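Asker:
In our numbering, the protein residues as written are 99 to 468.
#1: Per the DSSP calculation, residue 103 is bridged to which residue(s)?
#2: Can you tell me the Cα-Cα spacing of residue 272 and residue 142, whole angstroms?
#3: In this structure, does DSSP put residue 289 in helix, strand or coil?
#4: Under three-state DSSP, which class holds residue 279?
#5: Would you mind reading off the limits of the alpha helix (DSSP H) that contains residue 203?
#6: From residue 152 to residue 372, what does the alpha carbon distance come to, in whole angstroms?
#7: Between residue 164 and residue 184, what straight-line distance do the alpha-carbon atoms span, to the nearest angstrom?
#8: Helix, strand or coil, according to DSSP, for residue 116 in the structure here?
#9: Assuming residue 159 and residue 110 are in contact, meaning their beta carbons sit under 8 angstroms apart, how far apart are those beta carbons, in whole angstroms?
#10: Could you please give the first and the last residue of the uninterrupted beta strand (DSSP E) stretch that includes residue 333?
#11: Comparing C-alpha positions only, which one of 250, 254, 289 sits nearest to residue 276?
#12: Just to confirm my understanding: we take residue 155, look at its own chain, exclude 5 residues before and 5 after, and list those with CB closer than 6 angstroms. What are they?
#13: Where does residue 459 fall in DSSP's three states?
#14: Do you know how far the Cα of residue 224 is from the Cα of residue 197?
#15: Could you give the DSSP three-state label for residue 121: helix, strand or coil?
#16: Express the C-alpha separation of residue 439 and residue 411 in angstroms, rounding to a whole number.
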């Protein structure tokens, strides 16, 4: 059985102003208590799983805050093979040569570097703890190590960000050629400091035309450099797709351990861990949802359409949903194509993925047999 494991580490030294995830600031996080609860979470989940995981992903929060002895015990707790991809998200300011060596010794195979930007003024806006110089040193150190793969995040659409600023970040990609790049347009999530600053008029979102120009500049540059766009926000050089990402966007099973973590069990059940840290510590198991056919249909559309393999029309037919794809407006606009019983994004469709998803949900619902 192919499955993944996601583990949420909820603590940060500082909270990014755009972040809406479940994170906490704590000078002395209770890592031992956290690990004990993770072990309990895993004991519940593993009764629904068999075999060895294809991926283990430590996200946050800031997983690089985990003391090495805690990380060692965590890795020892979980099943794995010598082919299991083990990813740790890294805050650039945390990584040292010694820590990197420890990660490699523990069998960590992949690092995800939270860089976001190489530009001083934008790094300040995002309240990144690392300096731009530290970020460049970090990337160079990782690139020269024996780590099997690594990635970094790139955020665009920042207030006052020009095409020249963005080109400087892209030039860093050209120099460093990370095996994987995750691309995110800045969003102003409710209740975040950036959203509040926007509402107070302290910052201004960029115009939509500039946002589109930035998006196209990034995607065209990455394509020219040989990156494959295998999901709306993820680009990889050959052989460096994130197995964790593949599990999520292809609708494959994975379990979620830690506060706020979601999972999808092989039997189709969806699990959600409590979001509040204290509630999670006192809980005995996650909330479990047994999705209806309609909910499975919604989940299938939302996840599969974002992936390069596309949306399986056969999967939808099994759920009772069928439509002539050429009737769809996104198809007529050239945003979608159909190949081997799959609807796939193409051209501007990658940029319009959210709009296309809503139209697909509506169109399939209208044609569902009653």
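For glycine and all other residues, C-beta sits at the position ideal for the given N, C-alpha and C. Note that the structure is a prediction, hence the values are computed from the model and not measured.
Answerer: With the structure as the only source:
#1: 154, 353
#2: 45 angstroms
#3: coil
#4: strand
#5: 195 to 204
#6: 25 angstroms
#7: 15 angstroms
#8: coil
#9: 6 angstroms
#10: 332 to 334
#11: 250
#12: 104, 185, 342
#13: helix
#14: 25 angstroms
#15: coil
#16: 6 angstroms
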